[in-house]
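Everything below concerns the one structure shown next.
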Amino acid sequence: MGKDIRIGLVLLIVAITGLIVSSSAPSRDGLRPATVAEQHWVDSVFNSLSPDHRLGQLFMVAAYSNKTPKHVNYTEFLVREYNIGGLMFLQGGPRRQAILTNRYQAAARTPLLIAMDAEWGLNMRLDSSMHFAKQMTLGAMDDPQLVYQMGREIALKLRTLGVQVSFSPVMDVNSNPNNPVIGNRSFGEDKEQVTKFGLNYIRGLQDHGVIAVAKHFPGHGDTDIDSHIALPVINTDMARLTNVDLYPFQKSFEAGVMGVMVGHLYMPLFDTVRTQSATISRNLVTGLLKEKMDYRGLVFTDALNMKSVSNLYKPGELDALALLAGNDVLLFSEDVPMAIQKIKQLIADNKISQEDIDYRVRKILRAKYWAGLNRLKPVDVPNLMTNLNRPLSRVVQQGIYEHATTVVRNEDDLLPFAHLDTLKLASITIGAPNDNEFAATMQRYMPCSTYAVTNRYAPDSTFTRLLGKLGGYNTVVVSLHNMNNTPAHNYGLGDGALKFIKQLQANPNQKTVVVVMGNSYALKYVEDARTLVCGYEDNYVSQAVVPQVLFGALPAKGRLPVTVTEKLLAGTGLPTPDFRRLRYASPEAVGMDSKVLAQIDNIATEAIAYAATPGCQVLVAKDGAVVFDKSYGYATYDKSQPITDETIYDLASVSKVAGTLQAIMWLKDEGKLNLDNKVSDYLTDLKGTNKKDMTVREVLLHQAGLKAGIPTWERTVTRTGGLKPTFYASAQTDDFQREVIPGTYVARTAEDSVWTWIKRSSLLPKIKGSYPTEYSDLSFIILKRLAEKTLNQPLEAFLQQNFYAPLGLNTMTYNPLQRFPKSCIAPTENDTYFRHAQLQGTVHDQAAALMGGIAGHAGLFSNANDLAILMQMNLQNGRYGGRRFFATPVVAEFARQQSATNRRGLGWDHGDPSKPEGPTSNLSPAATFGHTGFTGTCVWMDPDNKILYVFLSNRVYPDAGNNKLRQYNIRTRIHDVIYKSLQTDAAQAKN
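Going from the sequence shown to the working numbering is simple: count from 1 and add 18.
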């Protein structure tokens, strides 16, 4: 009697607090009123089943695609003989599961409802599958729409795999930091946040044909016991239960969630028996959930094999008690035959009515109809992986981490890194393998030393040795990887690592950035860090995103979804600016089709197969995002040295625009150069020569009458091909400083000799009073000299100081052998006529070599990434990395085509639409500008579509006469593919 009174009081309080919803509320099962066709299908299926087969519909049995034939055969036996209602797939792989799904569905009398735990994607249960993000990561985001998109992508993958039910989202409010089972599976500690994000997840699933199941009713957030092991006790009062834990569930019911899962937990507020799990509590399942909260959707038990409940009952008893409590679907039954016998006994004893059983079976059949099982089609196994790997999923996946990454503390305003030329940066990854993406992404932005401590529990001695190597750095980034979610084990953080971080922070000459790539609750162990970032998870995508935030390629947007300590409260998160540095994303993120871009693979492979070049790098960026960056082939045809993203190439004439032209535009931008002045106004020794009247503009346009080239290096060799000692020496001295090839040095006076020869050279004849357009290396040799005279500084020093170092360019340099080993550099020609050597790391261009490797027209080396950074700055009219390299739109002025009779801009080249196989794609707009290089290089920028294209190769290896790259039109065909990949609005919507 006392117990009944207590239950009555509880239910009265529930009613008073507003959990009873009026009959005008939306349907709680998420199902519209049955259509005639639906009712007919449900009736016909129901009437075709025997009483025992109807009981079978109440069971959802665990299935695995990685177990033995014995398991498969027994599962099929349950499907055939007991007509079980569904399967919950656990471990295995997508293809194996799809094959078994088809087999089981073919054996089923009634179509099976297939379910999975897919909270963060198929990866939660299956190998070879995409991991999106755990819910705490989602809770850190500023944009709940991405949760809807994630739900959509997961739903589409589930449907492709033949799955109709997802046991997600988790609607628990995680109010206990020591919760070992929910933790980062929750959206956070704020009920409104949990509700808002949970409803978006539900809509994303159900709008795309998958039944969402909210869990773990009535709330599993305030416990420190894992219900897989023991039964958690939730000691809560009615006010908290109503106002916090039940709130997200109530809102999800109102929104039409089609399923709810009852958790394995004990709530003394409702039951007095200590072992009375909510799963078998009639007071909770029927009294609270079904009657007072008026929920009419499918009620699933949590897995009945969980030790917190299964150890307490004999086979079949737990199933019967769960059904008696009011559950509709018995999940993970360990003994279906025995459970059916127990349920039949309940019916015989009038403890549960046949009418009640039939109602639940019909409810299950209605859900099957909604899920499309009335028109079941087998899973398309041959195309399964293609259909699962939707490109748009990668966009959503990366977008989540971009919006979640949280700058927790930034007391020195260190983030994002701004002045790269003043940074001496070391990146230390603890717990990650040597070849981790975090360090690789860091190095894309600037030269930094990387150290990997692969064992997160490494002893103090490991960190002591490492500490001794860090004295030369003023900034150290320490990222913590491979963490776990166990509060009792410090989330996988080793004592040695934490001590090491404290030692770094104690150094007044160093700034330390601590990055936690795991559970946000772990921030409590590093809460005193002056610069602290949370990445929430540790995977390839998060490791690529967080460094982009550190460097300002992406702004920080996230906020902590939970309170960690009194210093680190929920909602903490500092926004950081977008520095407009190149970021790295998938093609679909910027409206390009990755499947079309993949055709670049074929063209690059063709180039290598036809010996047009032994290898190459291809980079494509759009809207400031690198969406394609691949390396192909080898440095040589003997395939001994693979091309990597770090391979350095001789840029040849791309040096004109990547080097000299940057200085010329800077001078114009600063008001120190007038394009319509005569060159002789700046280089007075041209006065009195035939070049005295040429203007800077004419030289930039290649309309100054200069010849394409003149003999230079030819004057420095003997008739027999030997090197004249006037120009070359075998030992390095003050007079012979720069290498032409290793072991041979050119005279300091050689550049002056070249200048003298240029001054004395004849000009082209005029045509109708004007010089014809003639592409000339001499133009840029003159412009380099003009720049150095006006700057009063060597070109290479000026560029390094004002462009390359501030931009963080590591590989872009003249004379790379002074900084890099030969193995990092792709070889060019086997020179049999001048230097008589295989060239590798010394400039290919002969005149540039004569000038010590630093010339106005050639000499620069770089990889594709660094060249892309420089050119992206130009495409953005001088804005990059939070600074302005040009104050005026000088790049646009120089890039613009200057006349109808000359395709070129000022120093920049353009395409030639009059030729079917010109330097650029005829699909690109006329505004596209850039340059090509003799060694097999090119860079093209499209300001209209904000597209950047870089192609680097060593097509001149080993013979500069190899013209197959042009013959097969390799560079231009790749450019064509880039434009073909631009998606229409309709195509984007379809994806």
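Built from N, CA and C at the ideal position, the CB exists for glycine as well. As the structure is a prediction and not an experimental result, all values here were calculated from the model.
- For residue 647, the enclosing beta strand (DSSP E) covers residues 643-651.
- Taken through DSSP and simplified to helix, strand or coil, residue 660 comes out as strand.
- Straight-line spacing of the CA atoms in residue 165 and residue 695 works out to 60 Å.
- Secondary structure within the region 426-512: the alpha helix (DSSP H) runs of 4 or more consecutive residues, fully enclosed, are 455-463 and 478-485 (chain order).
- Within the same chain, Cβ atoms closer than 7 Å to the Cβ of residue 632 are found at 626, 651, 652, 653, 654, 655, 972 and 975, the five residues on either side in sequence being excluded.
- As for any alpha helix (DSSP H) of minimum length 4 sitting wholly inside the region 878-952, the runs are 882-893 and 908-913, ordered along the chain.
- For the pair residue 428 and residue 443, the Cα-to-Cα distance works out to about 17 Å.
- Leaving aside the five residues that flank residue 768 on each side, the residues in its chain whose CB is nearer than 8 Å to its CB run, in chain order, 734, 745, 868, 869 and 870.
- Taking all protein chains shown into account, residue 738 has fewer than 16 neighbouring C-beta atoms within 10 Å of its C-beta and is therefore exposed.
- Under the criterion of beta carbons closer than 8 Å, residue 375 and residue 343 do not qualify as touching, at roughly 14 Å.
- Just so you know, the alpha carbons of residue 929 and residue 907 end up roughly 22 Å apart.
- In this structure, DSSP gives residue 415 a helical state, which the three-state scheme calls helix.
- By a beta-carbon distance limit of 8 Å, residue 590 does not contact residue 379. Their separation comes to about 50 Å.
- Taking a cut-off of 8 Å on C-beta distances, the region 520-539 does not touch the region 409-418, as fewer than three cross pairs fall below it.
- Straight through space, the alpha carbons of residue 555 and residue 719 are spaced by roughly 53 Å.
- Separation of residue 222 and residue 170 (C-alpha to C-alpha, rounded to the nearest whole angstrom) is 4 Å.
- Between residue 315 and residue 275 the beta-carbon gap is near 6 Å, inside 8 Å, which marks them as a contact.
- Shown here, residue 830 sits in coil according to DSSP, grouped into three states, outside any helix or strand.
- In this structure residue 500 is in contact with residue 450, their Cβ atoms being roughly 6 Å apart against a cut-off of 8 Å.
- Shown here for residue 899: same chain residues with a beta carbon closer than 6 Å to its own, the five before and five after excluded, namely 597 and 599 in chain order.
- In the three-state DSSP reduction, residue 169 falls in the helix class (H, G or I).
- For residue 993, the enclosing alpha helix (DSSP H) has its first and last residue at 988-998.
- Remark: C-beta atoms of residue 319 and residue 287 do not approach each other more closely than 8 Å.
- Taken in chain order, the complete beta strand (DSSP E) segments of 3 residues or longer contained in the region 274-329 are 277-280 and 316-319.
- By the Cβ-count criterion, residue 72 is buried, with 16 or more other Cβ atoms from all chains shown falling within 10 Å of its own Cβ.
- Shortest Cα-Cα distance from residue 468 to any of 693, 475 and 455 involves 455.
- In this chain, residue 731 is not harboured by any alpha helix (DSSP H), its DSSP state being neither H nor E.
- Contact between the region 104-121 and the region 73-81 is established, with three or more Cβ pairs separated by less than 8 Å.
- In the three-state reduction of the DSSP assignment, residue 104 falls in the strand class.
- When the five nearest sequence neighbours on each side are left out, the beta carbons in the same chain lying within less than 6 Å of the beta carbon of residue 356 are those of 333 and 334, in order along the chain.
- In the DSSP assignment, residue 561 falls outside any beta strand (DSSP E) and lies within the alpha helix (DSSP H) extending over 558-568.
- Pairing residue 345 with residue 303 gives a Cβ-Cβ distance under 8 Å.
- In the DSSP annotation of this structure, the continuous segment of the alpha helix (DSSP H) that includes residue 63 starts and ends at 54-66.
- Following the DSSP letters along the chain, one finds residue 617 inside the alpha helix (DSSP H) bounded by residues 617-627.
- Between the beta-carbon of residue 813 and that of residue 872 there is about 7 Å, and that keeps the pair under the 8 Å contact cut.
- Straight across, the Cα-Cα distance linking residue 810 with residue 764 is about 23 Å.
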